[in-house]
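In full-length UniProt numbering, the protein residues as written are 1 to 97.
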Amino acid sequence: MNEKLLVVCGTGMGSSMILKMMVDQVVGAQKLPFDVSSDLASGARSSGADVIVAGLDLAPTLTNVPATVIGIKNILDKAEIASALEEYLASKNDGED
């Protein structure tokens with residue numbers, strides 16, 4: 001079963017759409033188990049997401065969400081995104097042992 005991944009930015013427009021495109025490409029290329037969507041940061045708490053991906057500047061402000069928050073420094077860097085998502089999945093798998 002895929003995890004729900006939400007990409008957010010402060011306004012829900014430009015940067016979240018770019019980051020969502022990059023996340024979609026990484027998830028598709030590596031066949032990672034995520035269903036990806038995007039929204040405003042203000043909608044993160046009620047989204048039901050398992051993991052939230054945001055720019056590194058916004059991630060620290062997402063403190064009251066019931067999900068793992070991943071901050072991405074360079075939203076155009078697929079290697080950074082892939083590494084962060086793989087690290088998240090590995091940490092989940094470690095917790096299931």
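Beta carbons: idealized from backbone N, C-alpha and C, even for Gly. All values reported here derive from a predicted model rather than from experimental measurement.
Burial state of residue i (16 or more Cβ within 10 Å)
| i | result |
| --- | --- |
| Leu58 | buried |
| Lys20 | buried |
| Gly55 | buried |
| Ala29 | exposed |
| Ala44 | buried |
| Ser15 | buried |
Beta-bridge pairing of residue i - partner residues as DSSP gives them
| i | result |
| --- | --- |
| Ala54 | Val8 and Gly71 |
| Leu85 | DSSP lists no partner for Leu85. |
| Val27 | Its beta-bridge partners do not exist; DSSP assigns none. |
| Ser38 | Val7 |
Residue-level contact to chain D via CB, residue i, 8 Å cutoff
| i | result |
| --- | --- |
| Ala41 | The chain labelled as chain D is not found in the depicted structure, where only one protein chain is given. |
Whole-Å CB distance - residue i paired with residue j, under 8 Å assumed
| i | j | result |
| --- | --- | --- |
| Ile70 | Glu80 | Not a contact, Cβ separation roughly 10 Å. |
| Ser38 | Met22 | That pair is no contact at about 11 Å. |
Contact check, residue i vs residue j, beta carbons under 8 Å
| i | j | result |
| --- | --- | --- |
| Val8 | Lys78 | no |
| Leu6 | Ile52 | yes |
| Asp24 | Lys4 | no |
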